[in-house]
Ligand SMILES: C[S@@+](CC[C@H](N)C(=O)[O-])C[C@H]1O[C@@H](n2cnc3c(N)ncnc32)[C@H](O)[C@@H]1O
């Protein structure tokens, strides 16, 4: 670790100690981390990074080694940019969370004004993601790479899968500074398992695989989850290429859980929603069923019931009276033979 980095970290630690633990809505830096150096595994199965590896300041204000954090950004105080809307915080507002700022609430309300059922879609999406993860855990999949994690929720994905497989290993990935700041809440693995947080952009699959490889055994099957993420990636950034790069590096038997916004059912409303997000600075590209299907890498097999509105994907108690138009997101699960 560079001396200047240490100074930065110690300053942040001093500040946190002086002001107390960070709380939701705080704009103070909460965690800082730097990748590099050696690592070791302690007896509990939680990976801890020793001196010269990942070090930083936790929410308790203590400076020291951080477990389960990694990232390709250099050490820096977390800049939450509370003045602009962020997708993670808008989603948190829509799903009833507490981690958002006025700019995020304004963006969400603008979108709700033209897509009144947006909340229903967000909640059904979350339920789909967790259902799909549970189905995979029931099938014995014990490693998860959740890209575009979002802010900690109740329950988090690792809690769902570790109920079935306590030793399951989950690497969370997001590029949002507030998600990074709250990463500790995601690092609550059962002692038999592992949870880790990688601060990275889905546009850089090689970085994600390198960092996630510290915690996941990439020679065994991994379930890659991209829930409500790829509609934030425009065509020119090649979202299909990103998914192909991630899955291409993984072992046979690896899976893809994907959900994605669509305008297939209410095209005018979806266009208005896209404009509302864009007016708040968030780029959205909704895609048709055929376009969502084309995001699945060649050679992967899409399992039953196919590419369907998320509430229709293996519902626990029937679709519950929610319509495709209200939900407006497709979901699918695919496997690499
Ligand atoms: C709508 S939330 C979905 C959260 C969760 N996956 C779910 O389905 O419940 C989208 C998440 O994707 C993240 N995200 C957006 N663009 C990203 C990017 N380029 N790289 C990594 N994460 C990104 C946002 O920060 C946010 O947390």
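Residue numbers (the numbering used here): 176 to 512.
For every residue, glycine included, the Cβ atom is placed at its ideal position computed from N, Cα and C.
query: Is there contact here, the stretch 369-383 with the stretch 280-287, by at least three beta-carbon pairs under 8 Å?; result: no
query: Comparing alpha-carbon positions, which option in 504, 465, 400, 458 lies nearest residue 282?; result: 458
query: Cβ of residue 261 within 8 Å of any heavy atom in ligand 1?; result: yes
query: For the structure I just gave you, are there three or more beta carbon pairs, one from the stretch 291-302 and one from the stretch 257-277, closer than 8 Å?; result: yes
query: Please classify residue 218 as buried or exposed, where buried requires at least 16 other C-beta atoms within 10 Å of its C-beta.; result: Annotation note: pLDDT 25 at residue 218 (below 50); position unreliable, coordinate value reported separately. That one is exposed.
query: Need the endpoints of the alpha helix (DSSP H) that residue 468 sits in, please.; result: 464-468
query: DSSP on residue 433, reduced to helix/strand/coil?; result: strand
query: Among the residues of its own chain, which have a CB less than 6 Å from the CB of residue 317, if the five just before and after it don't count?; result: 340, 343
query: What did DSSP end up calling residue 324 once you bin it into helix, strand or coil?; result: coil
query: Measuring alpha carbon to alpha carbon, tell me which residue in 428, 333, 385 is nearest residue 508.; result: 428
query: State the start and end residues of the unbroken alpha helix (DSSP H) segment that holds residue 500.; result: 499-502
query: Have a look at residue 305 and residue 335 and give me their C-alpha separation to the nearest angstrom.; result: 7 Å
query: Return the CA-CA distance between residue 214 and residue 464, expressed in angstroms with no decimal places.; result: Legend: pLDDT at residue 214 = 30, less than 50; position of this residue unreliable, no value from coordinates given.
query: Would you mind stating whether residue 475 and residue 431 have Cβ atoms separated by less than 9 Å?; result: yes
query: For residue 484, count the other beta carbons within 10 Å of its own beta carbon; 16 or more makes it buried, fewer makes it exposed. Which is it?; result: buried
query: How about residue 522 and residue 401: do their beta carbons lie closer than 9 Å?; result: Examination of residue 522 is not possible in this model, given that the chain is present from 176 through 512 alone.
query: When you compare only the Cα positions, how much space is there between residue 488 and residue 433?; result: 11 Å
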